[in-house]
Every structure is written in structure tokens, then in C-alpha cells.
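Participant: In UniProt numbering, the protein residues as written are 1 to 285. Ideal Cβ placement from N, Cα and C applies to all residues, glycine included.
#1: Can you tell which of 162, 196, 235, 69 has its C-alpha closest to the C-alpha of residue 184?
#2: What ranges does the alpha helix (DSSP H) occupy inside the segment 218 to 281, keeping only unbroken runs of at least 4 residues that lie completely in it?
#3: Kindly indicate the opening and closing residues of the beta strand (DSSP E) around residue 117.
#4: Per DSSP, what kind of secondary structure is residue 24 in: helix, strand or coil?
#5: Are residue 198 and residue 228 touching if we call contact CB-CB under 7 Å?
#6: For my contact list, residue 66 and residue 60 are in at a C-beta cut-off of 8 Å; report their separation, rounded to the angstrom.
#7: For residue 119, tell me which candidate among 101, 213, 84 has the shortest Cα-Cα distance.
#8: Output yes or no for whether 7 Å exceeds the beta carbon distance between residue 243 and residue 207.
#9: Under three-state DSSP, which class holds residue 200?
#10: Mind checking whether residue 92 and residue 30 have CB atoms under 7 Å apart?
#11: Tell me, which residues are paired with residue 67 by DSSP?
#12: Classify residue 87 as helix, strand or coil using the three-state DSSP reduction.
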């Protein structure tokens, strides 16, 4: 076992519950709904609502990847926020490792966050430019408050090496790295607690095309080595097909189709999925 795994395994248990059935889905979402109120059109009239999500169900098995695709406004990012417990659903539940995240008290949810982390779309905006890479990467561990300064330093060096950076990079600042390297730092921050689930919201869309494949291959390699599970939010069908075992298509907050990437993209059944596939640019020969 390498340094980061040995230290994190002792200091941060894989799960906060000892009763999770390993044969059950790691993540189970049932009837998830999110309504947002619209501005009133009359001073005393009722407030209209827009339904961002409408009864979404999904399961993800440990070590697998689920891609969620759809156009802007389909509810993808709302789903990511609800799974991360960064927003409160209007109805439905999000169970991770058998725990309903939205019913946990604040202290229990804080402890449970070691099991699920997020990689954001923009590596420029998600890293504090005033902090060193070491402080950025170890921020989740600092929030848990269970590691010494020496352990934080050692784990930062180890996890940076896991994502293809050097241990010495821990003392640098984000502006000293390229876009692809910054996203590797963001991935390292997500990995530092040895999470069971990583929610990746458009993780390569802000990167140059030449770098996107490198980051996707890194995510795939980390899954093979560490057994991490991904919920990948993307508008890019090629990205989802490269990384995911199953695809879920969202349209106006509803799941309209799901299946294996090759089958779903080669023979889409729902008209909306057909339109998404038809909109993918193709090079004429």
C-alpha cells in the first residue's frame, strides 16, 4: 500500500457506516425533484415555480461510471449539486453508502463528505490563487481536522504524484501551472480523502482539446487503480463514451433514455437523444 493509501486508510475510514451492503448500489437516487420559485408577477399573487428536476432515479455501482448528458438547462448541474448535498431537494432522496445525505445532521454530513468529492468545470476558478498547491490539495483533510501538519504534507506530495505532478509542486501557486495541470491539482484535491464517489461536472470542457484526452485517461487510470466511482456531467458525448459504463439522458429535468454508451449513441430511441446525436459535428471525407 502506498503512502497516501496507508495514512488515509488509518486516519479516514472508507465509510462512516459499518452496515453498508457491498452488493447494493454505491449511489442510489430516487424521485429527485428540485423546484425553484420564479419572481412574482403580482404583489400578492402566488409565486410560479420552474421544475429543474422531475423525479430522477439512478443507481451507480461501486467502481463504475455513469454519464449524464443533455443540453444547457436540462438539469445536469442541479443533479450534481443535489448529489453533493450542496442544495436541498424539493422531493426525493440521495443515498450514498446507505445513508440519506439530505437527512443527516450537519456534523454527520460533514464527516460523510470524505466519501464523496467533486471536480469542477473551471480549473482557473476552482483553485484559490492566494494559496499554495499543498494547502489547496489538503483543504478537505483540514476541514475534517484529523491530520497533523506532517501528515498533510506527506499526503499532498503522494497524491500529487498520483495525478502525474511532482511532489515539489506542492509549494507552488496555481498561476504557475497550465490549464491541464490545474485540473490535475483539482483532481488531487478530490482524491485526498480517498472518496468512494467523485462527481465531475464538465471536467474537461474548459481545457484545450489536446489536453482533454490526457485528463480523461488520468481519470480512467485512477478508477482502475483506486476503484473510485464517477458521476460525470457532460454535454460532450465523446467524453461520456470514453469514460462511462452507462449514460443517462436528461431533458427538461426528466430522464428520457438510459443505456450503454455504444448502444445509446448508435441507435438512440428517444427523439431528444436522436437530436443530441445528430448535432455532433462530423468531418466530411
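Facilitator: A quick look at the data gives this:
#1: Numbered from 1 along the chain shown, position 184 holds the residue referred to as residue 184. Distances from the CA of residue 184 to each of 162, 196, 235, 69 were compared; the closest alpha carbon is that of 162.
#2: Segments of the alpha helix (DSSP H) lying fully in the segment 218 to 281: 237 to 243, 261 to 266, 271 to 278.
#3: For the purposes of this step, residue 117 is identified with residue 117 of the chain shown, where counting begins at 1. In the DSSP assignment, residue 117 falls within the unbroken beta strand (DSSP E) covering 116 to 119.
#4: The sequence position of residue 24 within the chain shown is 24, counting from 1. Of the three classes helix, strand and coil, the one that applies to residue 24 here is coil, per DSSP.
#5: As a first step, residue 198 is located in the chain shown; it is residue number 198 there, counting from the start. As a first step, residue 228 is located in the chain shown; it is residue number 228 there, counting from the start. A contact, by the Cβ cut-off of 7 Å.
#6: Along the chain shown, one-based indexing puts residue 66 at 66. Along the chain shown, one-based indexing puts residue 60 at 60. That pair is a contact at about 5 Å.
#7: As a working mapping, residue 119 is identified with position 119 in the chain shown. For the residues 101, 213, 84, the minimum Cα distance to residue 119 belongs to 84.
#8: Translated into the one-based positions of the chain shown, residue 243 becomes position 243. Translated into the one-based positions of the chain shown, residue 207 becomes position 207. No, Cβ-Cβ distance for residue 243 and residue 207 is not below 7 Å.
#9: Position 200 of the chain shown, counting from 1, holds the residue named residue 200. The three-state reading of DSSP puts residue 200 in strand, counting E and B together.
#10: For the purposes of this step, residue 92 is taken as the residue at position 92 of the chain shown. For the purposes of this step, residue 30 is taken as the residue at position 30 of the chain shown. A contact, by the Cβ cut-off of 7 Å.
#11: Here residue 67 refers to the residue found at position 67 of the chain shown. Residue 67 is bridged to 232, 247.
#12: Translated into the one-based positions of the chain shown, residue 87 becomes position 87. Taken through DSSP and simplified to helix, strand or coil, residue 87 comes out as coil.
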